[in-house]
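Report on the following structure.
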Amino acid sequence: MTSFADLGLSDTLLKSIKACGYENPTPIQEKSIPIILMGRDVLGSAQTGTGKTASFTLPMIDILDAGRAKARLPRSLILTPTRELAAQVSESFNQFSQNHGLTKALLIGGVSFGEQDALLDRGVDVLIATPGRLLDHLERGKVLLRDVKILVIDEADRMLDMGFIPDVEKITKLLPKIRQTLFFSATLNKTIYKISENFVINPKIIEISPEFTTADTVEQFVCHTTPRKKHDTLRQLITSENVANAFIFCNRKRDIATLKTSLNKNGMDAECLHGDMSQSARNAALTRFKNNEVKLLVASDVAARGIDIAGLSHVFNFDVPSNPEDYVHRIGRTGRAGNLGKAFSLVANDDDKSAINAIEKLIGKTIPSVDSGNTGKTTSKKPNKSAESTTNAEPASTAENSATEKSPTENSIAKNVTQDTARTDAKPSPRRKKPTRYEGERDAPPDCSGSSFKETEHTPAFLLNQTA
Ligand code: AMP
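-18 is the number of the first residue of the sequence shown in my numbering; add one for each residue after it.
Have a look at this one:
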């Protein structure tokens, strides 16, 4: 088994990794770290939960260790679609750079400009930002991107869904052309490949699949109801289940406050979490929830990814998500780290039924129905054999993921990846498990052919002026 020491990371960093309790690299870390240390661009497909954050933060720390930041000229930039993800990347840097003298700024909305300006003025090695807030700073002339040597675009598919790609393009136009770019997306489909071409040059393609592996830690159910009875049904479910703490997902932000009020009126204390709330209000809600001051968090999909609440007992889909992948992310908030969890989805109309069908197709299992007042008893659709073994679609064990490298050439991409296959491949085909070299794939640059930056004694072009 590959160890962190085999990946070419510095001894100082190995010490920090050990202090964090990580024993072995996850597949995305094993594949990405040596490539990033060599200075190559990466086009990576991996979900949150696979160890993706460390796969880029770790090599970045070693690369940035050789150099100093100047005022208002950050040396690296990480763009994430949401404030929560940005905060988690920032935490990851704090953990791993404990033995390095690197500086960092987190530019996210909802925090005062003053604090962020002060950090930028002192000079930062790592700038972690959401696109909107970074553009605000750029327009105010508080930050210049011409010294950025490494750019990370995280969760590109999410950026696309949220309409951020034009902002990302605007930002990258301000970066030097000679740089290293690490482009990550949960799925690699044709659209994402096409978009990536604007950012990466001859990238190493690293795909961690499957996205939707199953684990036996989340029991899933659907509960049939009507639009008028949805509130009652949810309350019945909460009452009949032994809920320690639960996320309740709504599809529309405007329904979140209504649902919270209705729960409160019925003696169920609940908090809200959605993208229109200020950062301080979001933090306050999450803190109350994490401290068990409130058992229920009514949320939009902003809470479906990345947020890690230890021992969350239940997820309720007040609305069935129309995108089956969102279902996977939502229910993956529970049943983590070996704990057991339950997920219930309210099916109130034909659209919900179609959405459930699409979800069942994606996860390859039938979800049994229960009665809201008697959740111990399944009512219709008997679970088939595979449904009896409950599922957790987000990778619970990162080690179970298999890594596949692909060609960066446009032709092979067009031939080998379609949006549909990227979305519905519940299991990787045997062919995708093996590293594949496609016809037409270009060689790695000759000075990048060793297995690590140190081994090749190569200084990538983007680092030349900083180490000189
Ligand atoms: P991420 O995919 O970056 O959101 O990481 C998901 C979780 O896995 C986080 O709680 C990390 O701290 C943890 N993690 C990442 N890499 C490793 C590793 N090599 N060994 C153990 N845990 C890890």
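C-beta atoms are modelled at their ideal positions from N, C-alpha and C, and glycine is treated no differently. Since this is a predicted model, take the numbers as computed values, not measurements.
(1) Determine contact between the stretch 22 to 38 and the stretch 113 to 121, defined as no fewer than three beta-carbon pairs at a distance below 8 angstroms.
(2) In whole angstroms, what separates the C-alpha of L(-11) from that of Q10?
(3) Candidates I152, D300, K323, T239: which alpha carbon is nearest T61's?
(4) Comparing the CB of Y308 with every heavy atom of ligand 1, is any distance shorter than 8 angstroms?
(5) Measuring straight from C-alpha to C-alpha, what distance separates G357 and Q217?
(6) Name the DSSP bridge partner or partners of Q161?
(7) Would you grab the beta carbon distance between I187 and Q161 for me? Rounded to a whole angstrom, and I think it's under 8 angstroms.
(8) In whole angstroms, what separates the C-alpha of R209 from that of A329?
(9) To which residues of the same chain is Q76 closer than 6 angstroms at the C-beta, ignoring the five residues directly before and after it?
(10) Between which two residues does the beta strand (DSSP E) containing L58 stretch?
(11) For the stretch 183 to 266, which segments carrying the alpha helix (DSSP H) assignment without a break, of at least 4 residues, lie completely within its bounds, in sequence order?
(12) Using DSSP's beta-bridge definition, name the partner residues of I109.
(13) Would you check whether ligand 1 has a heavy atom nearer than 8 angstroms to the C-beta of S73?
(14) The alpha helix (DSSP H) that contains L141, what's its start and end?
(15) Between which two residues does the alpha helix (DSSP H) containing K323 stretch?
(16) Touching or not, the stretch 238 to 251 and the stretch 269 to 279, by the rule of three or more beta carbon pairs under 8 angstroms?
(17) Helix, strand or coil, according to DSSP, for A339 in the structure here?
(18) What is the rounded straight-line gap between the Cα of G122 and the Cα of L88?
(19) Looking at F37 and L163, is the spacing between their C-beta atoms short of 9 angstroms?
(20) With a threshold of 8 angstroms, are at least 3 pairs of Cβ atoms found where one atom belongs to the stretch 38 to 48 and the other to the stretch 57 to 74?
(21) What does the Cβ neighbour count give for N298, buried or exposed, with the cut at 16 atoms within 10 Å?
(22) Of all the options D148, N232, L58, which has the alpha carbon lying nearest to the alpha carbon of K85?
(23) In chain order, what residues of the same chain lie with their CB nearer than 8 angstroms to the CB of D128, ignoring the 5 residues before and after it?
(24) Would F325 and H295 be called neighbours here (beta carbons separated by less than 9 angstroms)?
(25) Run through DSSP, which three-state label would K271 get?
(26) Taking the C-alpha atoms as reference points, what is the distance between V283 and L215?
(27) Anyone know if the C-beta pair for C204 and L327 falls short of 9 angstroms?
(28) For S350, write down the residues that DSSP places opposite it in a beta bridge.
(29) Is G30 near ligand 1, in the sense that its beta carbon is under 8 angstroms from a heavy atom of that ligand?
(30) Taking the alpha carbon of I344 as the reference point, which residue from V309, G90, L321 has its own alpha carbon closest?
(31) Short of 8 angstroms in beta carbon distance, which residues of its chain neighbour I173, apart from the five on each side in sequence? Order them along the chain.
(32) Can you give me the C-alpha to C-alpha distance between K342 and A99, rounded to a whole angstrom?
(33) For N179, does the count of other Cβ atoms within 10 angstroms reach 16, so buried, or fall short, so exposed?
Let me lay it out:
(1) no
(2) A small correction: the amino acid at residue -11 is Gly; Leu does not occupy that position in the sequence shown. Using only the alpha carbons, I get a separation of about 12 angstroms.
(3) I152
(4) no
(5) 13 angstroms
(6) I131
(7) Not really, about 14 angstroms apart at Cβ, beyond 8 angstroms.
(8) 9 angstroms
(9) C1
(10) 57 to 60
(11) 211 to 221, 234 to 246
(12) I59, L87
(13) yes
(14) 137 to 142
(15) That residue, K323, is in no alpha helix (DSSP H); its beta strand (DSSP E) goes 322 to 328.
(16) yes
(17) helix
(18) 14 angstroms
(19) yes
(20) yes
(21) buried
(22) L58
(23) K51, L54, P55, R56, P157
(24) yes
(25) helix
(26) 21 angstroms
(27) yes
(28) V203
(29) yes
(30) V309
(31) A137, D138, L141, S166
(32) 51 angstroms
(33) exposed
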